[in-house]
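I have placed the structure first, in the form of structure tokens, so that the comments after it can refer back to it.
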Amino acid sequence: MSPTSPSGPAPGPAAAFRALHHADEPLLLPNAWDAASAAALADAGYAAIGTTSLGVAAAQGYPDGRGLAGVRDATLALARRLGGRLSCPYTVDIEGGYGGEGERAAERVADLAAELASAGAAGINLEDGLPGGEGLQPPARQAELIAAVKERAPDLYLNARIDTHWLTDTPPPLSATLARAEAYLAAGADGIFVPGVAADEEVSALVAAVPAPLNILFAPGRHTVSRLADLGVRRISTGSLLFRTALGAALAAADSVRTGRPPGGEEVPGYARVQGLMGRTGRTALRRDP
567 MSPTSPSGPA
577 PGPAAAFRAL
587 HHADEPLLLP
597 NAWDAASAAA
607 LADAGYAAIG
617 TTSLGVAAAQ
627 GYPDGRGLAG
637 VRDATLALAR
647 RLGGRLSCPY
657 TVDIEGGYGG
667 EGERAAERVA
677 DLAAELASAG
687 AAGINLEDGL
697 PGGEGLQPPA
707 RQAELIAAVK
717 ERAPDLYLNA
727 RIDTHWLTDT
737 PPPLSATLAR
747 AEAYLAAGAD
757 GIFVPGVAAD
767 EEVSALVAAV
777 PAPLNILFAP
787 GRHTVSRLAD
797 LGVRRISTGS
807 LLFRTALGAA
817 LAAADSVRTG
827 RPPGGEEVPG
837 YARVQGLMGR
847 TGRTALRRDP
């Protein structure tokens with residue numbers, strides 16, 4: 567028999583993950599790229615684990631953000647490895663959903679979401695940036711994808727990522743971001759993620775205007791967890807930072823063996839550098855390093 571609390575059975579992973587977005591402190595979500603990194607982060611006591619699409623893609627020899635079938639397969643395989651293995655809930659970054667084009671695109675995205683839920687995932691991260699950095703999905707079309715996912719996998723926490731501030735150095739007015747947020751929440755999204763926002767005043771404006779948990783991508787040197795908490799952010803993601811830091815540490819360790827000098831103070835490889843190793847894309851030149 568499952569252990570119970572005085573108020574009844576313990577919540578499942580999806581319910582527990584959802585509750586973490588409404589706790590006293592924001593959810594600090596480290597992003598893993600394989601089973602070992604996820605297990606290590608869970609063992610370190612983090613309340614939940616996310617995946618990073620760049621880390622998962624690059625670990626398999628693919629560039630990020632292209633909607634490639636190989637990355638979809640690797641993402642699903644990782645989710646299945648994590649199911650039942652972690653001591654905490656986990657959420658999966660699925661880029662734009664790997665649905666492709668055509669009338670069945672929404673159905674294919676929903677199919678993947680259902681598979682991830684069956685594997686044990688508590689949530690997904692679904693972005694509206696088009697593959698290859700070729701602009702943004704029309705809001706109405708992205709809302710269709712969100713609605714299809716929530717119909718097939720209603721318990722999954724769907725974090726709707728809005729790329730208005732991610733794919734360009736000159737983002738549109740914040741009102742355009744808020745209009746997308748409104749459409750995505752109406753379609754069933756549970757939270758809103760706006761990577762690329764760093765200024766306190768913009769974060770505060772989003773928190774005030776979005777009636778759902780706001781997720782911000784941690785920007786080293788510009789953010790602190792305590793400051794984002796003060797601003798009302800409910801979820802703080804590390805994105806590809808941990809994967810790129812691990813890659814930098816590997817390079818430093820290899821160099822220390824070669825030179826006999828101890829590693830230390832090496833620069834973390836940027837997003838564009840990792841993408842370049844996998845094959846440069848149009849999106850590489852546009853996306854900023856988190």
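In case it helps, the working numbering puts the sequence shown at residues 567 to 856. A virtual CB, placed ideally from N, CA and C, is assigned to each residue, including glycine.
What distance in whole Å lies between the Cβ atoms of residue j and residue i, which are believed to be in contact at a cut-off of 8 Å?
{"i": "Gly-864", "j": "Leu-648", "result": "With the chain covering 567 to 856 only, the question about residue 864 has no answer from this structure."}
{"i": "Tyr-664", "j": "Leu-678", "result": "6 Å"}
{"i": "Leu-644", "j": "Ser-806", "result": "Leu-644 to Ser-806, Cβ: 15 Å. No contact."}
{"i": "Phe-759", "j": "Asn-781", "result": "4 Å"}
{"i": "Ile-712", "j": "Leu-724", "result": "6 Å"}
{"i": "Ala-726", "j": "Leu-692", "result": "6 Å"}
Give the secondary structure of residue i by DSSP, where H, G and I count as helix, E and B as strand, and everything else as coil.
{"i": "Gly-814", "result": "helix"}
{"i": "Glu-768", "result": "helix"}
{"i": "Leu-711", "result": "helix"}
{"i": "Ala-598", "result": "strand"}
{"i": "Phe-784", "result": "coil"}
{"i": "Val-658", "result": "strand"}
{"i": "Gly-631", "result": "coil"}
{"i": "Arg-849", "result": "Summary for Arg-849: the model assigns pLDDT 44, below 50, so the residue's position carries little reliability; its value from the coordinates is reported in the next sentence. Correct three-state label for Arg-849: helix."}
{"i": "Thr-790", "result": "coil"}
{"i": "Gly-695", "result": "strand"}
{"i": "Gly-798", "result": "coil"}
{"i": "Leu-652", "result": "coil"}
{"i": "Leu-733", "result": "coil"}
{"i": "Gly-701", "result": "coil"}
{"i": "Gly-668", "result": "coil"}
{"i": "Gly-616", "result": "strand"}
{"i": "Gly-663", "result": "coil"}
{"i": "Ala-838", "result": "helix"}
{"i": "Gly-636", "result": "helix"}
{"i": "Phe-583", "result": "helix"}
{"i": "Ala-719", "result": "coil"}
{"i": "Ser-571", "result": "In this prediction, Ser-571 has a pLDDT of 47, which is less than 50 and means its spatial position is unreliable; nothing more can be read from the coordinates."}
Which residue comes first and which comes last in the beta strand (DSSP E) that contains residue i?
{"i": "Ser-803", "result": "801-803"}
{"i": "Tyr-874", "result": "Coverage of the chain is limited to positions 567 through 856, which leaves residue 874 absent and any answer about it impossible."}
{"i": "Gly-757", "result": "757-759"}
For residue i, report the span of its alpha helix (DSSP H) as first-last.
{"i": "Val-763", "result": "Neither: Val-763 is in no alpha helix (DSSP H) and is coded neither H nor E."}
{"i": "Gly-621", "result": "619-625"}
{"i": "Glu-591", "result": "That residue, Glu-591, is in no alpha helix (DSSP H); it is neither H nor E in DSSP."}
{"i": "Val-675", "result": "671-685"}
{"i": "Ser-806", "result": "Looking at the DSSP string, Ser-806 is not in any alpha helix (DSSP H), and its letter there is neither H nor E."}
{"i": "Arg-745", "result": "According to the sequence as given, residue 745 is Ala; it is not Arg. Start and end: 740-752."}
Cβ-heavy atom distance between residue i and the ligand FMN below 7 Å?
{"i": "Ala-672", "result": "The ligand content of the structure shown is nil, which means the ligand FMN is not present either."}
(message) Measuring CB atoms only, is the stretch 628-635 touching the stretch 580-596, in the sense that at least three cross pairs come out at less than 8 Å?
(response) no
(message) Pairs of beta-carbons, one from the stretch 782-802 and one from the stretch 737-754, closer than 8 Å: are there three or more?
(response) no
(request) Could you say if the stretch 762-774 and the stretch 697-708 meet the contact criterion of at least three C-beta pairs nearer than 8 Å? (result) no
(request) Check whether the stretch 599-609 touches the stretch 819-830, counting contact only when three or more Cβ pairs, one atom from each stretch, lie closer than 8 Å. (result) no
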